[in-house]
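Participant: First, the structure itself, so that you have it in front of you.
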Amino acid sequence: MPAKVKTRILFHSRRLNIYLVRYPEGHKVGPHIDMVSEGKLYKLNYVLIKPKAGGKFICEKNIFNLFGRLYLFRPDLYQHRVSKIERGNRWLLSFALTPG
């Protein structure tokens, strides 16, 4: 049985959520758009540890992508995914912001 994604909530409020996420070897995130009940959603994702192979983040449109490590994007507007992690784990620090 493959290892499961582990998510730890570091901070939670109405406007900001911060998560630490471990994606294991063999995992992939299929193409999707994040649904929000109202307003806009921004995500700032920092890849703390890249897997040795695979695990690439692919998004239709980033606001910015800094060295394949730091991404700011609108997950509520643009389809995004992560390719299959072939070797190693992918550790992510994710900030989800819903401005008022």
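Start counting the sequence shown at 8; every next residue gets the next number (our numbering). Note that CB positions come from ideal geometry on N, CA and C, so glycine has one too. Just so it is clear, the structure is predicted and the values come from calculations on it, not from any experiment.
Within 10 Å of its beta-carbon, does residue 59 have 16 or more other beta-carbons around it, so buried, or fewer, so exposed?
Facilitator: Exposed, since its Cβ has fewer than 16 Cβ neighbours within 10 Å.
Participant: Which residues does DSSP pair with residue 30 in a beta bridge?
Facilitator: DSSP, once it has assigned bridges, lists 97 as partnering residue 30.
Participant: Which residue marks the beginning of the beta strand (DSSP E) containing residue 65, and which one marks its end?
Facilitator: Looking at the DSSP string, the run of the beta strand (DSSP E) that includes residue 65 is 64 to 66.
Participant: Would you call the segment 13 to 28 and the segment 77 to 85 touching, i.e. three or more CB-CB distances under 8 angstroms?
Facilitator: Short answer: they don't touch.
Participant: Can you check which of these residues, 30, 104 and 15, is closest to residue 88 by C-alpha distance?
Facilitator: Answer by Cα proximity: 30.
Participant: Mapping DSSP to helix, strand and coil, what is residue 49?
Facilitator: Strand at residue 49.
Participant: If you count every other CB in all the chains shown that lies within 10 Å of the CB of residue 92, and 16 or more means buried, which is it?
Facilitator: With 16 or more Cβ atoms within 10 Å of its Cβ, residue 92 is classed as buried.
Participant: For residue 97, count the other beta carbons within 10 Å of its own beta carbon; 16 or more makes it buried, fewer makes it exposed. Which is it?
Facilitator: Buried: at least 16 other Cβ atoms inside 10 Å.
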